[in-house]
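Q: Once you've had a glance at the structure underneath, I'll fire off some questions.
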Amino acid sequence: MSVDRRQFLEACSATGLSGLFPGVLYAQVAEEDESPITPEHVAAAETIAGVSFTEDERELLVENLNENLDQYRAMREQKIPNARAPASTFDPRRGGAEIPDVPPSDDGATVSLPSVDRPSADEDLAFAAIPELAHLLRTRTVTSVELTELFLDRLRRYDEDLNAVITYTEERALETARRADEQLAAGEWRGPLHGIPYGAKDLLAVEGYKTTWGATPYKDQQIDETATVIRALDEAGAVLVAKLSLGALAWGDVWYDATTKNPWNLDQGSSGSSAGPAAAVAAGCVPFAIGSETLGSIVSPSTRCGVTGHRPTFGAVSRHGAMALSWTMDKLGPIARSALDCALVYDTLRGADPNDPASVDVPFPFDASRDVEGLRVGYLKEAFSEEYDNRAADQKTLDVLRGLGVDLTPVAWEPGVPVGALLSTLDVEAASAFDELTRSGGIDEMVRQGENTWPNVFRTARFVPAVEHTQMRRLRVDLMEQAHAVMQDLDVLVSPSFRGETLGITNLTGHPCVCVPNAL
Numbered sequence: 458m459s460v461d462r463r464q465f466l467e468a469c470s471a472t473g474l475s476g477l478f479p480g481v482l483y484a485q486v487a488e489e490d491e492s493p494i495t496p497e498h499v500a501a502a503e504t505i506a507g508v509s510f511t512e513d514e515r516e517l518l519v520e521n522l523n524e525n526l527d528q529y530r531a532m533r534e535q536k537i538p539n540a541r542a543p544a545s546t547f548d549p550r551r552g553g554a555e556i557p558d559v560p561p562s563d564d565g566a567t568v569s570l571p572s573v574d575r576p577s578a579d580e581d582l583a584f585a586a587i588p589e590l591a592h593l594l595r596t597r598t599v600t601s602v603e604l605t606e607l608f609l610d611r612l613r614r615y616d617e618d619l620n621a622v623i624t625y626t627e628e629r630a631l632e633t634a635r636r637a638d639e640q641l642a643a644g645e646w647r648g649p650l651h652g653i654p655y656g657a658k659d660l661l662a663v664e665g666y667k668t669t670w671g672a673t674p675y676k677d678q679q680i681d682e683t684a685t686v687i688r689a690l691d692e693a694g695a696v697l698v699a700k701l702s703l704g705a706l707a708w709g710d711v712w713y714d715a716t717t718k719n720p721w722n723l724d725q726g727s728s729g730s731s732a733g734p735a736a737a738v739a740a741g742c743v744p745f746a747i748g749s750e751t752l753g754s755i756v757s758p759s760t761r762c763g764v765t766g767h768r769p770t771f772g773a774v775s776r777h778g779a780m781a782l783s784w785t786m787d788k789l790g791p792i793a794r795s796a797l798d799c800a801l802v803y804d805t806l807r808g809a810d811p812n813d814p815a816s817v818d819v820p821f822p823f824d825a826s827r828d829v830e831g832l833r834v835g836y837l838k839e840a841f842s843e844e845y846d847n848r849a850a851d852q853k854t855l856d857v858l859r860g861l862g863v864d865l866t867p868v869a870w871e872p873g874v875p876v877g878a879l880l881s882t883l884d885v886e887a888a889s890a891f892d893e894l895t896r897s898g899g900i901d902e903m904v905r906q907g908e909n910t911w912p913n914v915f916r917t918a919r920f921v922p923a924v925e926h927t928q929m930r931r932l933r934v935d936l937m938e939q940a941h942a943v944m945q946d947l948d949v950l951v952s953p954s955f956r957g958e959t960l961g962i963t964n965l966t967g968h969p970c971v972c973v974p975n976a977l
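Under our numbering, the first residue of the sequence shown is numbered 458, with each subsequent residue one higher.
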């Protein structure tokens, strides 16, 4: 059935879509037809907002609402780049946490490189830990060019099955590797990442290469800058070999060209949205990769693919040059084979950046030789108690910690705020980040369409009242204070990846997370 423009406007008017909540579909057709909002529109829209007004109150509202609609149109004429953050900046310290005062001499990762021989098989070399590779490079037992060619070859060989690579950066990689070899031969060692290849999630800009964000509307996009984290890794001498896949606009494992697969089970997606980074690390195609997390995008694929993911404290790593999804929840962090490998990468990435107003200097007094005995470790008792997949392995993990001399403290935590409601913050911020894409109809080019996809979320977010969004932000501070009260007497809180509300809570509060494999 075809519906002409006038019929569509009348239908929108009948449901209130053109009134109190000028949604995206209405906005696309209403720019030329500026029929005024009426009290009838307000009455229809009240159901969506969950409010009720009298007839007199509706009469008073309409003039202001028509003025608002004019203001919305004026704002939409402004071209706001995706990277432009709102005026207010999220600070995880609002909950009561403080940045510790650490002497400069103690700040940074302290790791001894193991004395190892070069493996006889390249397969073993591909799965070597970062400290082992660093030793081999520093002693000139292996060259950076050799490693770079090895990992480029593995990426090409296995990507036919994995679909983890969007763009190879071979020319840049070999140039960086040759420079690293020259520096190492001259006795210049920049640290444990010097000469080591890696991959980056393709929401990070690299000058001279496309940055697709995994989405059809951006598949040919080039951004003329290089993300701060990539520049930090350049300074450390690391070698970028590929830009790796992400679920479109940082959701899931489906991107514009394929579905990224789990190397352990090719019938299964890798999960996401840091799909390519997790799959490539698990398959021995890169020693480490840079991912991002807003709500599970490091934790979920790391869990699925059996690798270690580190989601840093919000603000500890600059996001400049990364696609913005949620300015108050986006974090960048490493995916690697172990927590130690992640620590070495994080130590390179961390630090304040004037280009990211949320970034701060957070000390990292990490000593890999420290004994875990004496650490104050809590565990969410209820999360481990009921039957669920992987429960046996999770229980063994607790037993291993006890065997290491860790005194485990059971923790019970029932958040006093509706966590699910607060997570709508992500939906609203993401809809803002991709407002122009939605209004232009470009969102229709996305591969995934349906109820539980970005296109529908962006449209739905149009109907979240501004007052409710502000209430979410206020209640979020309450949640942060609760989290601080739970954590202030603990060094670590242990939880299964997806049990309870821990994943949502800690992404809202800005707490860090390390996700480690404990079973296939």
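For every residue, glycine included, the Cβ atom is placed at its ideal position computed from N, Cα and C.
I'd like the span of the alpha helix (DSSP H) that includes GLN678, first residue to last.
A: Taken as a continuous stretch (DSSP letters only), GLN678 belongs to no alpha helix (DSSP H), as it is neither H nor E.
Q: Look up SER731 in the DSSP assignment and give the residues it is bridged to.
A: Answer is none; SER731 lacks a bridge partner.
Q: Return the CA-CA distance between ARG597 and GLY741, expressed in angstroms with no decimal places.
A: 22 Å
Q: Can you list, in chain order, the residues of its chain whose CB lies under 6 Å from that of GLN725, leaving out five sequence neighbours each side?
A: Taking C-beta separations shorter than 6 Å and ignoring five residues to either side along the sequence, the partners of GLN725 in its chain run ASN719, following chain order.
Q: Could you work out which residue in GLU555, THR668, ALA502 and ASP564 is closest to MET824 when comparing CA atoms only?
A: As written in the sequence, residue 824 is Asp, which differs from the Met given in the question. When each option's Cα is compared against that of ASP824, the closest is ASP564.
Q: Measure the beta-carbon distance from THR624 to ALA732 and round it to whole angstroms, keeping in mind my assumption that it falls under 8 Å.
A: 15 Å between Cβ atoms; not a contact.
Q: How long is the line joining the alpha carbons of GLY766 and VAL973, rounded to whole angstroms?
A: 7 Å
Q: Could you name the residues of the same chain whose beta carbon sits closer than 7 Å to that of ARG859, not counting the 5 residues immediately before and after it, in chain order?
A: LEU865
Q: With burial defined as no fewer than 16 other Cβ atoms inside 10 Å of the residue's Cβ, what is the status of GLN939: buried or exposed?
A: buried
Q: Using CA coordinates, which residue listed in GLU664, PHE547 and PHE915 is at the minimum distance from GLY778?
A: GLU664
Q: Check whether the Cβ atoms of GLY652 and LEU594 lie closer than 8 Å to each other.
A: yes
Q: Between which residues of its own chain and THR567 is the CB-CB distance below 8 Å, once the five residues before and five after are set aside?
A: PHE823, ASP824, ALA825 and SER826
Q: For PHE823, write down the residues that DSSP places opposite it in a beta bridge.
A: ALA566
Q: Give the list of continuous beta strand (DSSP E) stretches no shorter than 3 residues that lie fully inside the stretch 717-801.
A: 722-726, 746-750, 765-768 and 788-793
Q: Can you name the start and end residues of the beta strand (DSSP E) that LEU697 belongs to?
A: 696-701
Q: Is ARG614 buried or exposed, if buried means 16 or more other CB atoms sit within 10 Å of its CB?
A: ARG614 is exposed by the Cβ-count criterion.
Q: THR717: which of GLY753, VAL876, LYS658 and PRO872 sits nearest, CA to CA?
A: LYS658
Q: To the nearest angstrom, how far is the alpha carbon of LEU960 from that of THR495?
A: Near 44 Å, if we compare the C-alpha coordinates of THR495 and LEU960.
Q: Counting along the chain, where does the beta strand (DSSP E) carrying GLY831 start and finish?
A: No beta strand (DSSP E) contains GLY831, which DSSP labels as neither H nor E.
Q: Just to confirm, is the Cβ distance from LEU650 to LEU690 under 8 Å?
A: Contact: yes.
Q: In the DSSP assignment, what residue or residues form a beta bridge with LYS420?
A: Since the displayed the chain opens at 458 and closes at 977, residue 420 lies outside it and no answer follows.
Q: Quick one: using the 10 Å Cβ neighbour count with 16 as the cut-off for buried, is ARG761 buried or exposed?
A: buried
Q: Could you tell me whether the stretch 751-761 touches the stretch 948-957, where touching means 3 or more Cβ pairs closer than 8 Å?
A: Taking a contact to require three or more Cβ pairs closer than 8 Å, the stretch 751-761 and the stretch 948-957 qualify as touching.
Q: Kindly list the residues whose CB is nearer than 6 Å to the CB of ASN975, restricted to its own chain and excluding five residues on each side of it in sequence; keep chain order.
A: ALA850 and THR854
Q: Any idea which residues DSSP pairs TYR445 with across the strands?
A: Nothing about residue 445 can be reported from this structure: the residues present for the chain run from 458 to 977 only.
Q: Indicate whether the contact test is met: 3 or more Cβ pairs, each with one atom in the stretch 830-845 and one in the stretch 580-590, closer than 8 Å.
A: no
Q: Between THR600, THR669 and ASP616, which lies nearest to ALA642 when the distance is taken from Cα to Cα?
A: THR600
Q: From LEU977 to TRP721, what does the alpha carbon distance come to, in whole angstroms?
A: 8 Å
Q: Exposed or buried, what is SER730 when buried is set at 16 or more other beta-carbons lying within 10 Å of its beta-carbon?
A: buried
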